[in-house]
Structure formats: structure tokens, C-alpha cells
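>
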Amino acid sequence: MKRWLARIAPVLVLVACSGGEGDGDSGAGADGSTGDGGARRDAGLSFDGGLGCVAALPVDLLFVIDDSDSMSEEQANLISNFPELIEVLTTPPDDDGDGEPDLPPVEDLRIGLVSTNMGVGPYTVVGCDATGDQGALITSSRSVDPMCAGVTTGAHPWLEFHLGDDVDALSQTFRCMAALGTGGCGLERQLDSARAALVDRAAAGEPNEGFIRGDSLVGILFVTDEDDCSAADDSIYDPAAGGTLGPYGVRCAENPSLLTPVREYVDAFQNLRLDRHNDVVVAAITGVPFSAVADPLDEDYDALLLDSRMQFRRDPGRPGQLEPACTTMFTGSAIPARRIVEVVGAFAETRDGLATTICENDLRPAMNAVARLVARRICPPPI
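Sequence positions in the sequence shown follow this note's numbering and run 6 to 388.
(1) Could you check whether GLN316 and PRO294 sit closer than 8 angstroms to each other, using their CB atoms as the reference points?
(2) What are the start and end residues of each continuous alpha helix (DSSP H) run of 4 or more residues lying completely inside the stretch 244 to 309, in chain order?
(3) Comparing C-alpha positions only, which one of VAL286, PRO244 and ARG369 sits nearest to ALA380?
(4) Candidates ASP367, ASP72, ALA308 and PHE68: which alpha carbon is nearest LEU192's?
(5) Which residues does DSSP list as the beta-bridge partners of GLY337?
(6) For the 8 angstroms Cβ check, are there 3 or more pairs between the stretch 351 to 362 and the stretch 312 to 327?
(7) Three or more C-beta pairs closer than 8 angstroms, one from the stretch 167 to 187 and one from the stretch 77 to 95: is that the case here?
(8) Can you check DSSP and say which residues form a bridge with ILE116?
(9) Compare the C-alpha of ILE91 against each of CYS364, ASP107, GLN80 and ARG115 and name the closest.
(10) Would you decide whether THR121 is buried or exposed? Buried here means 16 or more other CB atoms lie within 10 Å of its CB.
(11) Does PRO341 get closer than 8 angstroms to chain D when you measure Cβ to Cβ?
(12) Would you kindly report the start and end of the unbroken alpha helix (DSSP H) that includes LEU203?
(13) Taking a contact to mean a Cβ-Cβ separation below 8 angstroms, would you say GLY389 touches LEU309 in this structure?
(14) By DSSP's criteria, PHE227 is part of a beta bridge. Which residues make up the other side?
(15) Report the rounded CA-to-CA distance for ALA376 versus VAL131, giving the unit in angstroms.
(16) Tell me whether CYS153 sits in a helix, a strand or coil according to DSSP, three-state version.
(17) Between the C-alpha atoms of ALA208 and GLY325, what's the straight-line distance to the nearest angstrom?
(18) Return helix, strand or coil for THR178, following the three-state DSSP convention.
(19) Alpha carbons only, please: which of ASP101, THR136 and PRO110 is nearest the one belonging to TYR242?
(20) Taking all protein chains shown into account, decide if GLY32 is buried (16 or more other Cβ within 10 angstroms of its Cβ) or exposed.
(21) I need the straight-line Cα distance from ASP205 to VAL349, nearest angstrom please.
(22) If I follow the unbroken beta strand (DSSP E) through LEU359, where does it start and stop?
(23) So, THR96 versus PRO110, is the Cβ gap smaller than 8 angstroms?
(24) Quick check: the stretch 185 to 199 against the stretch 232 to 248, are there 3 or more CB pairs under 8 angstroms?
(25) For ARG319, which of helix, strand or coil comes out of DSSP?
(26) For CYS133, write down the residues that DSSP places opposite it in a beta bridge.
(27) Residues in its own chain within less than 6 angstroms of PRO106 by CB, not counting five upstream and five downstream?
(28) For LEU185, does the three-state DSSP call read helix, strand or coil?
(29) Do you know how far the Cα of HIS161 is from the Cα of VAL228?
(30) Tell me ALA236's beta-bridge partners as DSSP assigns them.
(31) Check SER313 in the structure and name its three-state DSSP category.
(32) Between the Cα of ASP197 and the Cα atoms of MET152, ASP239, VAL172 and PRO63, which residue gives the shortest distance?
(33) What separation, rounded to the nearest whole angstrom, lies between the Cα atoms of PHE68 and ALA246?
(34) Could you spell out where the alpha helix (DSSP H) holding PHE87 opens and where it closes?
(35) Out of SER338, ASP134, MET372 and ILE345, point me to the one whose CA is closest to SER75's CA.
(36) Does the beta-carbon of GLY140 have 16 or more other beta-carbons within 10 angstroms, so that it is buried, or is it exposed?
Quick look at the structure:
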């Protein structure tokens, strides 16, 4: 951090001498952002008029973890590679080879975890309860590992990390907290859960109050092998509707008119920061093909949605199920996560979103990409 401050000191001097007046040629748009969605001009937060970085934003990172019965290996994969994310965030890489980190480290990190279980309304569905977790942050470990017995998030319903804290201790607590198990509802409502966690349940008096700070970068990470089934009309969950709406395995894909429009979630997530939309990033480790995402940080998501493997088609070998977007021997298969990719794509337009495949034996590259997405948004590099 001392080296980082030394690098930006000349920039700070320039700003002080300028009296805060711009020269009219900053390249920033009317909303205070540059054309590529990169170096922003949020005066009073962490930027000095667009000339350089003063200090990293605090980060509030929400993990939305699928807890349905197909997610055992995927949860284990996430947990084992979580240290990669923390290492990149707290010990930033030197990609340009100049002997210095390219970005400042994250100094103040909050991590919240929610399940995808939001219940199925008034209906009785095997494996689903009426309400689920409703977006409340998970505060007590659900792991069956005896080493995790009694582990909680502590004083707050989220994990906290400050630069200099014990990284191994954080990873161990995350290991216990992220092992949500596989008893959750198989009609996953990933987008509903994220919105509830960050909006409805974050209001005054609600269990997530205080998780999102007014000056933070908000990150949302979906980890799931299914697409979103967040309903605008709860009748889509009615077990008696199989004759008209189809089996549960294909029902959400084949009845999009009963689902909440994706745009509502994009708006809700962007409005977490109102005029600072670039301070929200969305990532997904989910059902996309291996080869379709060569670089998650620079991907054409419109093209991805047109990929033949991302189309909803019934699987002739598995009655009542969809063909997978990807398959691996270790983690099994994942269906096309079209709705989740649509949300990511909306944020990727300003370089604030990424999606990568969950069908990997090793999620280290995925976690590295997510960490870089966050890192390049906490503070732009000095010019």
C-alpha cells in the first residue's frame, strides 16, 4: 500500500494544484463515467477527478449459492477455490510486469451468503417448503462436517475481512458457511433471492440491515447449475399443473410468461447505487458451455445466448429434463442459464459482468476471473 500511495502522489499534487477544476477534456460522460465504463469520477469517494486512484472502495460481496440436490460437488469446488479469490483481492497481481501491483488491495471486505431457496408460494412440492430462506443471509453453518459444528458468522450476519486479517481463518469460516447442503428447493429462484437479500431483507429492521454500505462496491456472484425460476405468477409451481405447464424439469424454461422479466432484476441491482451503476458488478459460475466463454472478462453475451448449446431443448435421453449446456464427470451437468446470463450481459455492456462455466473440475480460473472483475472496479489504476 505504501508503494501504491507513492505511485499516485504526483497525481494527488496535480489535483491539489488544479483547485478541483477540470480542463474540459476528461473524456467523461454526463453521468461522470468514461466511455468504456472504466475510470470513473466519483469525487468524494475514491477517485480524484478521474486522474487517479486515492483509495480502494470497501467491497460488499453476496454469494448466491444453489442448495438443490445436484450441488454437492459444485459447493465443494467453490469452497476449495475460494482462497484464490481472496488472494487476488488482497494481493493484487502485477500483470504489466513493472514490479508493482496493478491495483490497490481490498482493505475492507464483507461477504454475505444466501441460498436459492425462496419456496414455492402456497403449493406443496416435494423437497420445497413454503417460504425457503427468503433472501436472509445465512448466519449459522449447515455443513455436516463436525469441524463446522457451531460455526457462525459472528457479530453480524456476514463475514468481515480487513487487510492484515488472517486469510486462512476467513477461508475456514467460509468453508463451513458455504456448504449449504443439498436440501433446498429444486425450483431455484436465484434472481429473487439476490434481490430479496439486497433490497427487501436489507431494509431497516430486516435481517440483512447494514450489509450494504453507502460507499461500497457491491458484487453479486451466482453459483448454480440451473437457470432461474423466479415467478411473477406462483401458479408455475402448482404440482397439479403438469398437464398444461409440463414437468418441473422443463416448466420454467417453457413458460417464460409466468416468470418475472429479467429487466426488473437488472434495474433492481443497478439501483442499489442509483447514479453510480458502475459500483455494482454481477458474476455467475453457471450453466454455460466450456468453449463458449474464452475470456469471461471480455465476452460477447449476445453471441453466447445464440449458441446452440444455450437453447432450451428437451433431452431425449432424460424424459422431462432439458439438454445440458455443459457436462463434466466431476460435477455432472448444468442446464443453460439463459436468464442469469441475460442479467450478466446487461452488466457486461459496461464491463461490470461476467459468466463462466460451472462444469469445471477446478474452479480456480473462475474465481480468479471474479476477483479480477471486482479488483478492476474498486479503483482504476493511476494514469
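From the three backbone atoms N, C-alpha and C, an ideal C-beta is built for every residue, glycine too. Quick caveat: nothing in here was measured; it's all calculated off a predicted structure.
Reading from the atomic positions:
(1) Position 289 of the sequence shown, counted from the first residue, corresponds to residue 294. Position 311 of the sequence shown, counted from the first residue, corresponds to residue 316. Result no, Cβ atoms of PRO294 and GLN316 do not sit closer than 8 angstroms.
(2) Counting only runs of 4 or more, we get 247 to 250, 253 to 259 and 267 to 275.
(3) Taking the first residue of the sequence shown as position 1, residue 380 is located at position 375. Of the candidates VAL286, PRO244 and ARG369, the one whose C-alpha sits nearest the C-alpha of ALA380 is VAL286.
(4) Locating residue 192 in the sequence shown gives position 187, where the first residue counts as 1. For LEU192, the nearest C-alpha among the options comes from ASP72.
(5) Along the sequence shown, read from residue 1 onward, the residue named residue 337 stands at position 332. In the DSSP output, where bridge partners are listed per residue, GLY337 has THR333.
(6) Segments in contact, no.
(7) In this structure the stretch 167 to 187 lies against the stretch 77 to 95, because at least three pairs of beta carbons, one per stretch, are closer than 8 angstroms.
(8) Locating residue 116 in the sequence shown gives position 111, where the first residue counts as 1. Under the DSSP definition of a beta bridge, ILE116 partners with LEU66 and LEU164.
(9) Walking along the sequence shown from the start, residue 91 turns up at place 86. When only C-alpha atoms are compared, the closest one is ARG115.
(10) Residue mapping note: residue 121 aligns to position 116 of the sequence shown, counting from 1. Using a 10 angstroms sphere on the CB of THR121, the tally of other CB atoms reaches 16 or more, which defines it as buried.
(11) This model lacks chain D altogether; it includes just one protein chain.
(12) For the purposes of this step, residue 203 is taken as residue 198 along the sequence shown, with counting starting at 1. Taken as a continuous stretch (DSSP letters only), the alpha helix (DSSP H) holding LEU203 covers 195 to 203.
(13) No answer is possible for residue 389: the residues shown for the chain start at 6 and end at 388.
(14) Within the sequence shown, numbered from 1, the residue matching residue 227 stands at position 222. In the DSSP assignment, PHE227 forms a beta bridge with VAL69 and ALA289.
(15) Working through the sequence shown from its first residue, we reach residue 376 at position 371. Working through the sequence shown from its first residue, we reach residue 131 at position 126. Counting only the Cα atoms, VAL131 lies some 37 angstroms from ALA376.
(16) Taking the sequence shown and counting its residues from 1, one reaches residue 153 at position 148. Helix at CYS153.
(17) Stepping through the sequence shown from its first residue, residue 208 is reached at position 203. Stepping through the sequence shown from its first residue, residue 325 is reached at position 320. In a straight line, the C-alpha of ALA208 is about 40 angstroms away from that of GLY325.
(18) Indexing the sequence shown from 1 puts residue 178 at position 173. Correct three-state label for THR178: helix.
(19) Here residue 242 corresponds to residue number 237 of the sequence shown, with the count starting at 1. Ranking ASP101, THR136 and PRO110 by Cα distance to TYR242 puts THR136 first.
(20) Indexing the sequence shown from 1 puts residue 32 at position 27. Note that GLY32 scores 37 on pLDDT, short of 50, meaning its location in the model is unreliable; the coordinates nonetheless yield the value given after this. Flag for GLY32 reads exposed.
(21) For this step, residue 205 is matched to residue 200 along the sequence shown. For this step, residue 349 is matched to residue 344 along the sequence shown. When rounded, the distance between both Cα atoms is 21 angstroms.
(22) Numbered from its first residue, the sequence shown carries residue 359 at position 354. Residues 358 to 362.
(23) Within the sequence shown, the letter at position 91 stands for residue 96. Within the sequence shown, the letter at position 105 stands for residue 110. Result yes, Cβ atoms of THR96 and PRO110 sit closer than 8 angstroms.
(24) Result yes; three or more Cβ-Cβ pairs closer than 8 angstroms.
(25) Numbered from 1 along the sequence shown, position 314 holds the residue referred to as residue 319. In the three-state DSSP reduction, ARG319 falls in the strand class (E or B).
(26) Indexing the sequence shown from 1 puts residue 133 at position 128. DSSP links CYS133 through a beta bridge to VAL130.
(27) Here the question's residue 106 lines up with position 101 in the sequence shown. Around PRO106: PRO97 and ASP99.
(28) As a working mapping, residue 185 is identified with position 180 in the sequence shown. Correct three-state label for LEU185: coil.
(29) In the sequence shown, the residue the question calls residue 228 occupies position 223. In the sequence shown, the residue the question calls residue 161 occupies position 156. Whole-angstrom Cα-Cα distance: 23 angstroms.
(30) Here residue 236 corresponds to residue number 231 of the sequence shown, with the count starting at 1. Within the DSSP bridge table, the entry for ALA236 names LEU264 as partners.
(31) Start at 1 with the first residue of the sequence shown, and residue 313 comes out as number 308. For SER313, the three-state secondary structure derived from DSSP is helix.
(32) As a working mapping, residue 197 is identified with position 192 in the sequence shown. Residue ASP239 holds the alpha-carbon nearest to the alpha-carbon of ASP197 among MET152, ASP239, VAL172 and PRO63.
(33) Taking the sequence shown and counting its residues from 1, the one referred to as residue 68 is at position 63. Taking the sequence shown and counting its residues from 1, the one referred to as residue 246 is at position 241. PHE68 and ALA246: Cα-Cα distance of roughly 32 angstroms.
(34) Along the sequence shown, one-based indexing puts residue 87 at 82. Note, PHE87: alpha helix (DSSP H), 77 to 95.
(35) For the purposes of this step, residue 75 is taken as residue 70 along the sequence shown, with counting starting at 1. Nearest C-alpha to SER75 among SER338, ASP134, MET372 and ILE345: SER338.
(36) For the purposes of this step, residue 140 is taken as residue 135 along the sequence shown, with counting starting at 1. It counts as buried.
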